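Visitor: Quick one: structure below, then a few questions.
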Amino acid sequence: MRLFEYQAKQVFGGAGLSVPKGMVATTPEQAMAAAEQLGRCVVKAQVHVGGRGKAGFIKVASNPAEAGELARRMLGAGLKGYTVHQVLLEQALDIAKEYYLGAVLDRDGKHIVLMLSTMGGMDIEEVAATHPEKLIRLTPDIWRGPLSFELQDMAFAAGVDRAVYRKVVQGAATVWKLFWQYDASLVEINPLVITSSGDVIAADGKFEIDDNALYRHPELEAFRQASEEDPLEVEAQRRNLNYVHLGGDVGIMANGAGLAMNTMDVVAAHGGKPANFLDVSGGAKADVVQSALEVILQDPSVRGVFINIFGGITRGDEVARGVVEGVRALGTTVPIVVRMAGTREEEGRAILREADLVPAMSAADGAEKIIALINGRGA
Amino acid sequence: MGILLGPDSRLVVQGGTGREGSFQTQTMLEYGTRVVGIVTPGRGGQQHLELPVFDTVAEAVREVGANASVGFIPAPGAADGIMEAAAAGIELIVCISDRMPVLDTLRAYYFVKNKGARLIGPNCPGVTTPGVGKAGIMPGNIFQKGPVGLISRSGTLTYEVVNLLTKAGLGQSTCVGIGGDPIVGSSFRDILGLFNDDDQTEVIVLLGEVGGAAEEEAAEWIAAHAKKPAVSFISGRTAPPGKRMGHAGAIISGNRGTAEAKVAAFQAAGVPLADTIEQIPALVKAAL
């Protein structure tokens, strides 16, 4: 789960980090009212994509009328496939310097890496590539966290101004603390602004939270409600299904994430366009198959469904009955091809044929059949 | 003789009295695995599936000489279960549990490492050594003893490949599901090292997927150290960046973790790459 910038800043502010004074607006009128209070301000579109500045979705307004006009232009507009529903208005800062401060889970190194640079305000991956010596990394012991002197070393190695190093060190300690407190996988402040008067302020915020840990963060439920997830994915999540919307026309269902991904690959290799990823896991019982089919078919682009099940411990005839019952209960007319393997797969195929479902011998065979049926060529 | 799970392994099942745990313990017993007990706190002293139940792993170690564990503990308590096993002196800890918070896994990883134990998983189907036993949820009926060592990040896709291998007359030394999470106890590279030193294993099959850089590391390791041939496969070639494909580990972030990078790494290492899983048996035969 990703937080919006304004949500990340609420979290930062609550932990004692300085953030700019700001307000969220969903209409130009609200934006104007906010600008009345804030004075000269920055209008920032709230979307989960980078490159907002370059795309014109972060702009300075010198008066309320300008703020209203900017909000009207941004709200409802699209940026890299996302629609802007909210803008954040913030008091403009008196920027002397821009730093970078972040923490990220490094899966391959098995660390959480704290990162600090005095080259903030630009793409940090570019800094890492062009000025690697300017990006200082610290990998604290996972059990005890960073010690104060380690953070100080990092700050001085980065070349942080002595006048502000205490505040920067404090900021880094807070980022580490928030990372654990909220089960984050990424916390990033870019830029961390140093103002002319020596204040250290989080001027932007990225915050990503481990979905597996959301069960222990009821405090984030309100943030989640406001998020802009795909409605089909929200519906699937509600039903406890592992579903990702992809946009093609071949609906896909498999048991197991690896098998589902491979099914997508096979369909694509045969010229089809997968509509979704869906892992029903386990033995594909009737109620689960029905629920999964309902979600797949809520996608109006879907013109056929390919179900790929490896029985394993579950018997093929049981899987087949589950699929048949699930399809019957739904009463759909889109073509459905089923490929299943495991013990008693022959008996399973016979059950499928009786129910007018198309059995396939392999993933490749199934992909060919469903694509042919969608294109009206029969199987 | 295969790796990880051998004739000397004495397996204890953590959470083996629950619904899933009971079912899987039964299948492990049916497969001939030497299961010596079950650990469920609060149920010590009872018998379940004709096995002694203990309150703690330490007790199972003391009483029945357990030296390996397999865990079916729901995610919120899974990390603690792993660490309890490591603290009790268990050498091989297999964690089947899925949806574990990644920071829990990270802490458990270092705890296990400091104890000198080995963790497989979490979010994995476990380990099967045909003819010896299985610690996990793989369907036993698809295996056959033989020369192929298999390492994979997924579950059902692994069963598919084992099934294809067995049907082609290619038995397995050991199959290891390392798990689909971003942080796992043992990586491809760790398991490759074990297969490299195993007499029974003559060829290694590596089933990778998008996300992370474990496949690239494995390819480099093979080029530098492997004493036996390997065959590889990558799933998720059509997975879009930034989306979590069921496995939390299968996320392409930025330009890292793409199928292209992994394919290129295996090609550079001279490891044959199957385009479809059906091609794997032929590539294995050619490599033997």
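Chains as they are written, first to last, in my numbering: chain W, 1 to 379; chain Z, 380 to 667. Even for Gly, the Cβ is constructed at its ideal location relative to N, Cα and C. Given the structure is predicted, the values throughout are model-derived calculations rather than measurements.
How many angstroms separate the CA atom of W/W176 from the CA atom of W/P146?
Guide: If you number the first sequence from 1, residue 176 of chain W lands on position 176. If you number the first sequence from 1, residue 146 of chain W lands on position 146. Roughly 8 Å between the two C-alpha positions.
Visitor: Ordered along the chain, which non-local residues of its own chain (more than five positions away) have a Cβ less than 7 Å from that of Z/P608?
Guide: The residue labelled residue 608 of chain Z in the question sits at position 229 within the second sequence. Once the five neighbours on either side are set aside, the close Cβ partners of Z/P608 are V582, A666.
Visitor: Going along the region 267-280 of chain W in order, which residues come within less than 7 Å of chain Z, judged by CB to CB distance?
Guide: So the list reads A268, P274, F277, D279, given in the order they occur along the chain.
Visitor: Starting from the Cα of Z/D483, find the closest Cα among W/S148, W/Y182, W/F57, W/S301 and give me that residue.
Guide: Here residue 483 of chain Z is taken as the residue at index 104 of the second sequence, counted from 1. The residue with the shortest Cα to Cα distance from Z/D483 is W/Y182.
Visitor: Runs of 4 residues minimum, wholly inside the region 461-544 of chain Z: which ones carry the alpha helix (DSSP H) assignment?
Guide: Taking only runs of at least 4 residues, the alpha helix (DSSP H) segments lying wholly in the region 461-544 of chain Z are 481-494.
Visitor: To the nearest angstrom, how far is the alpha carbon of W/A364 from that of W/G258?
Guide: Position 364 of the first sequence holds residue 364 of chain W. Position 258 of the first sequence holds residue 258 of chain W. Near 16 Å, if we compare the C-alpha coordinates of W/G258 and W/A364.
Visitor: Confirm the yes/no value for this check: CB of W/P132, any heavy atom of the ligand GTP, distance under 6 Å.
Guide: As for the ligand GTP, it is missing from this structure, which has no ligand bound.
Visitor: Taking the beta strand (DSSP E) that W/D183 falls in, what are its first and last residues?
Guide: The residue you call residue 183 of chain W lines up with position 183 of the first sequence. Taken as a continuous stretch (DSSP letters only), W/D183 belongs to no beta strand (DSSP E), as it is neither H nor E.
Visitor: Going by DSSP in three states, W/G316 sits in which element: helix, strand or coil?
Guide: Taking the first residue of the first sequence as position 1, residue 316 of chain W is located at position 316. Here W/G316 sits in helix by DSSP.
Visitor: Assess contact between the region 380-398 of chain Z and the region 429-441 of chain Z, defined as three or more Cβ pairs (one per stretch) separated by less than 8 Å. Is contact present?
Guide: Short answer: they touch.
Visitor: Sorted by chain position, which residues of the same chain lie with C-beta nearer than 6 Å to W/D230's C-beta, five sequence neighbours on each side aside?
Guide: On the first sequence, residue 230 of chain W is found 230 positions in, with the first residue counted as 1. Counting only Cβ-Cβ distances below 6 Å, and skipping sequence neighbours, we find H245.
Visitor: Rounded to whole angstroms, what is the Cα-Cα separation between W/V87 and W/A360?
Guide: Translated into positions along the first sequence, residue 87 of chain W becomes position 87. Translated into positions along the first sequence, residue 360 of chain W becomes position 360. Those two C-alpha atoms are separated by around 51 Å.
Visitor: Taking Cβ positions only, does Z/R398 come closer than 7 Å to chain W?
Guide: In the second sequence, the residue the question calls residue 398 of chain Z occupies position 19. False, the Cβ-Cβ gap to chain W never drops below 7 Å.
Visitor: Assuming W/G348 and W/D317 form a contact by the criterion Cβ under 8 Å, report the distance between their Cβ atoms to the nearest whole angstrom.
Guide: Along the first sequence, one-based indexing puts residue 348 of chain W at 348. Along the first sequence, one-based indexing puts residue 317 of chain W at 317. Going by Cβ atoms, the distance from W/G348 to W/D317 rounds to 5 Å, so yes, they are a contact pair.
Visitor: Please confirm if W/A379 has its CB atom under 7 Å from at least one CB of chain Z.
Guide: Reading the first sequence from its first residue, position 379 is the one you call residue 379 of chain W. With a pLDDT of 49 at W/A379, under the threshold of 50, the modelled position of that residue is not reliable, and no figure is offered here.
Visitor: Measuring alpha carbon to alpha carbon, tell me which residue in W/V43, W/I209, W/A96 is nearest W/V73.
Guide: Your numbering for residue 73 of chain W matches position 73 in the first sequence. Residue identity check: residue 73 of chain W is Arg in the sequence provided, not Val. Looking at the Cα atoms, W/V43 is the closest of the given residues.
Visitor: Just to check my reading of the structure: W/A172 and W/L101 have Cβ atoms closer than 8 Å, yes? What is that Cβ distance to the nearest angstrom?
Guide: Numbered from its first residue, the first sequence carries residue 172 of chain W at position 172. Numbered from its first residue, the first sequence carries residue 101 of chain W at position 101. At roughly 6 Å, the Cβ-Cβ gap stays under 8 Å, so W/A172 and W/L101 are in contact.
Visitor: List the residues of chain W whose Cβ lies closer than 7 Å to the Cβ of Z/K622, in chain order.
Guide: Walking along the second sequence from the start, residue 622 of chain Z turns up at place 243. The contacting residues are V244.
Visitor: To the nearest angstrom, how far is it from the Cα of Z/V440 to the Cα of Z/V449?
Guide: Here residue 440 of chain Z refers to the residue found at position 61 when the second sequence is read from its first residue. Here residue 449 of chain Z refers to the residue found at position 70 when the second sequence is read from its first residue. Roughly 14 Å separates the two Cα atoms.
Visitor: So which residues of chain W does Z/R532 contact, with C-beta pairs closer than 8 Å?
Guide: Translated into positions along the second sequence, residue 532 of chain Z becomes position 153. Those within 8 Å of Z/R532 in chain W are G258.
Visitor: Alpha carbon to alpha carbon, what distance is there between Z/R568 and Z/W600?
Guide: Within the second sequence, numbered from 1, the residue matching residue 600 of chain Z stands at position 221. Within the second sequence, numbered from 1, the residue matching residue 568 of chain Z stands at position 189. Looking at the two C-alpha atoms, the distance is approximately 7 Å.
Visitor: Return the CA-CA distance between Z/T535 and W/F310, expressed in angstroms with no decimal places.
Guide: Translated into positions along the second sequence, residue 535 of chain Z becomes position 156. Translated into positions along the first sequence, residue 310 of chain W becomes position 310. Going by the C-alpha atoms only, they are around 6 Å apart.
Visitor: Looking only at its chain, what residues have a beta carbon closer than 8 Å to the beta carbon of W/H186, apart from the 5 residues adjacent to it on each side?
Guide: For the purposes of this step, residue 186 of chain W is identified with residue 186 of the first sequence, where counting begins at 1. Residue identity check: residue 186 of chain W is Leu in the sequence provided, not His. Cβ neighbours of W/L186 beyond the five flanking positions: G102, A103, V104, L105, K206, F207, E208.
Visitor: Give the secondary structure of W/Y82 by DSSP, where H, G and I count as helix, E and B as strand, and everything else as coil.
Guide: Taking the first sequence and counting its residues from 1, the one referred to as residue 82 of chain W is at position 82. If DSSP states are grouped into helix, strand and coil, W/Y82 belongs with the strands.
Visitor: State the DSSP-derived secondary structure class of W/I124, mapped to helix, strand or coil.
Guide: For the purposes of this step, residue 124 of chain W is taken as the residue at position 124 of the first sequence. W/I124: helix per DSSP, three-state reduction.
Visitor: Which residues of the region 469-492 of chain Z have a Cβ closer than 7 Å to any Cβ of chain B? Give them in chain order.
Guide: Here the protein chains are W and Z, and chain B is not one of them.
Visitor: Quick check on DSSP: helix, strand or coil for Z/P386?
Guide: Numbered from its first residue, the second sequence carries residue 386 of chain Z at position 7. Coil at Z/P386, not helix or strand.
Visitor: Nearest-angstrom Cα distance between Z/G495 and Z/S565?
Guide: For the purposes of this step, residue 495 of chain Z is identified with residue 116 of the second sequence, where counting begins at 1. For the purposes of this step, residue 565 of chain Z is identified with residue 186 of the second sequence, where counting begins at 1. Each residue's Cα considered, the two are about 13 Å apart.
Visitor: For a contact defined as C-beta to C-beta under 8 Å, what are the partners of W/S362 on chain Z?
Guide: Mapped onto the first sequence, residue 362 of chain W falls at position 362. Near W/S362 (Cβ distances below 8 Å), the residues of chain Z are E657.
Visitor: On a CA-only basis, which of Z/I452, Z/L408, Z/A647 is nearest Z/P420? Give me that one, please.
Guide: As a working note, residue 420 of chain Z is residue 41 in the second sequence. When only C-alpha atoms are compared, the closest one is Z/I452.
Visitor: Let me know the secondary structure DSSP gives Z/I417 once reduced to three states.
Guide: Against the second sequence, residue 417 of chain Z aligns to sequence position 38. Three-state result, Z/I417: strand.
Visitor: CB-CB under 6 Å to Z/A653, same chain, minus the five flanking residues each way: which ones, in chain order?
Guide: Position 274 of the second sequence holds residue 653 of chain Z. Excluding positions up to five away in sequence, the list reads F612, I659, L662.
Visitor: If we count the other Cβ atoms within 10 Å of its Cβ and call it buried at 16 or more, is W/F156 buried or exposed?
Guide: Here the question's residue 156 of chain W lines up with position 156 in the first sequence. W/F156 should be labelled exposed.
Visitor: Which residues in the same chain as Z/M479 place their Cβ atom closer than 6 Å to its Cβ, once the five residues preceding and following it in sequence are excluded?
Guide: Numbered from 1 along the second sequence, position 100 holds the residue referred to as residue 479 of chain Z. Same-chain partners within the cutoff: A454, A457, P501.
Visitor: Since I believe W/R315 is in contact with W/G342 (beta carbons under 8 Å), could you give me their beta-carbon distance rounded to a whole number of angstroms?
Guide: As a working note, residue 342 of chain W is residue 342 in the first sequence. As a working note, residue 315 of chain W is residue 315 in the first sequence. The pair is a contact, with the Cβ atoms about 7 Å apart (cut-off 8 Å).
Visitor: Using three-state DSSP, classify W/T118 as helix, strand or coil.
Guide: The count along the first sequence starts at 1 and reaches residue 118 of chain W at position 118. In the structure shown, W/T118 sits in coil (DSSP, three-state: anything other than H, G, I, E or B).
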